[in-house]
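Novice:
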Amino acid sequence: MVCVDKTDHSFTPFWSDGVKAARLSLRLQNLAAIRSRLKHFPATKMPDFVAAFRRR
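The opening residue of the sequence shown carries number 25 in the working numbering; numbering runs sequentially from there.
1. What separation, rounded to the nearest whole angstrom, lies between the Cα atoms of Ser60 and Gln53?
2. Return helix, strand or coil for Asp29, following the three-state DSSP convention.
3. For Ala57 and Ser49, I'd like the C-alpha separation in whole angstroms.
4. Do you know offhand how far Leu62's Cα is from Arg51's?
5. Distance, Cα to Cα, Lys44 vs Val74?
As structure tokens, then:
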């Protein structure tokens with residue numbers, strides 16, 4: 025029982041850290057995609073892009 029308890033305790037923070045890392049990497053990928061899209065957008069279409077992005 026003690027061995028199972030130890031693995032359980034060590035696994036829980038590792039899992040939460042993994043979830044945080046996955047979310048962070050997804051955010052970074054989204055930011056990179058947004059930046060690449062913004063480069064193609066003229067400044068006049070900027071508000072339309074922001075409004076469309078906020079609707080999602």
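For every residue, glycine included, the Cβ atom is placed at its ideal position computed from N, Cα and C.
Specialist: In short, the structure shows the following:
1. Taking the first residue of the sequence shown as 1, we reach residue 60 at position 36. Taking the first residue of the sequence shown as 1, we reach residue 53 at position 29. When rounded, the distance between both Cα atoms is 11 Å.
2. Here residue 29 refers to the residue found at position 5 of the sequence shown. Confidence in Asp29 is poor, its pLDDT being 48 and thus under 50, which makes the residue's placement unreliable; the coordinate value appears in the next sentence. Correct three-state label for Asp29: helix.
3. In the sequence shown, counting from the first residue as 1, residue 57 sits at position 33. In the sequence shown, counting from the first residue as 1, residue 49 sits at position 25. Each residue's alpha carbon lies about 12 Å from the other.
4. Taking the sequence shown and counting its residues from 1, one reaches residue 62 at position 38. Taking the sequence shown and counting its residues from 1, one reaches residue 51 at position 27. Whole-angstrom Cα-Cα distance: 16 Å.
5. One-based indexing of the sequence shown puts residue 44 at position 20. One-based indexing of the sequence shown puts residue 74 at position 50. Cα to Cα, Lys44 sits roughly 26 Å from Val74.
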